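First the structure, in the form of structure tokens, and then the observations on it.
In my numbering, the protein residues as written are 150 to 339.
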């Protein structure tokens with residue numbers, strides 16, 4: 150699957166939005182990728198899973214780990230496409246942890262799958278969860294990297310789509326200065 154195919158999926162599902170948005174990171178942006186619009190369509194989720202399977206076929210890993218909430222469906226589909234186990238992390242009282250009931254053994258090899266990242270915050274939290282279990286990270290799959298590829302995770306990223314979308318600190322936001330009402334989408338628990 151090519152970059153233009155991923156872009157087309159985002160457009161077809163109505164996931165690519167324009168307005169004034171507060172991101173999970175607290176930053177503001179004129180553009181937002183609403184993953185919920187994407188994951189409501191199983192046929193597109195399957196295409197995304199297949200795209201990751203093609204992009205990451207050379208990786209040797211045991212389990213896919215994704216952060217709750219939106220990336221669960223995508224991570225599960227990647228695990229299904231690649232015949233691997235799947236587990237997820239979630240926040241409790243603002244702290245990310247591996248969901249109770251899931252097992253991640255030391256030295257198991259992990260592929261992290263995240264939907265959209267701007268600052269990498271959720272990915273860094275998942276990395277810490279995996280490191281606490283002494284498992285090995287082999288890569289990080291991203292449906293959309295909004296940073297333009299500028300985030301240094303310490304592990305190889307495998308983005309399906311890389312965009313350079315400006316994100317502003319609230320005090321420097323030209324959209325706020327223009328008086329455009331802000332929308333706070335998502336449900337990251339932050």
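Glycine residues also receive a C-beta, built at the ideal position from the N, C-alpha and C atoms. Everything numeric in this text was worked out from a predicted model, so none of it was measured.
Cβ-Cβ separation, residue j to residue i (assumed contact under 8 Å), whole Å
i	j	result
residue 220	residue 239	About 11 Å; that fails the 8 Å criterion.
residue 208	residue 260	6 Å
residue 262	residue 223	6 Å
residue 214	residue 236	6 Å
residue 264	residue 292	5 Å
residue 231	residue 275	In fact, because the Cβ distance is near 18 Å, the residues do not count as touching under 8 Å.
residue 180	residue 334	Wrong, their Cβ atoms sit about 12 Å apart, outside the cutoff.
One or two residues paired with residue i in a DSSP bridge
i	result
residue 263	291
residue 316	178
residue 239	246
residue 208	For residue 208, which the question treats as bridged, DSSP gives no partner whatsoever.
residue 286	259
residue 214	236 and 261
Residues near residue i by beta carbon distance below 6 Å, same chain, minus five either side
i	result
residue 331	169 and 171
residue 159	165
residue 338	Caution is warranted here: a pLDDT of 49 is assigned to residue 338, below 50, making its placement in the model unreliable, and the coordinate value is therefore given only provisionally. 240.
Extent of the continuous beta strand (DSSP E) to which residue i belongs
i	result
residue 168	165–171
residue 310	306–311
Contact test: residue i Cβ vs the ligand GDP heavy atom, cutoff 7 Å
i	result
residue 291	For the ligand GDP, the structure offers nothing, since it holds no ligand at all.
Same chain, Cβ closer than 7 Å to residue i, five either side skipped, listed in chain order
i	result
residue 322	177
residue 256	283, 284 and 285
residue 210	233, 258, 259, 260 and 287
residue 152	310
residue 195	226
residue 272	261, 263, 266, 289 and 302
Start-to-end residues for the alpha helix (DSSP H) that takes in residue i
i	result
residue 333	Per DSSP, residue 333 belongs to no alpha helix (DSSP H) and is neither H nor E.
residue 225	219–231
residue 154	152–161
residue 270	270–281
residue 300	Residue 300 -> no alpha helix (DSSP H), and no H or E assigned at all.
residue 325	323–326
residue 253	Segment: none, residue 253 is in no alpha helix (DSSP H) and carries neither H nor E.
8 Å Cβ shell around residue i - same chain, five flanking residues per side excluded
i	result
residue 120	The question about residue 120 has no answer, for the chain in this structure spans 150 to 339.
residue 248	217, 236, 237, 238 and 239
residue 278	214, 238, 245, 246 and 247
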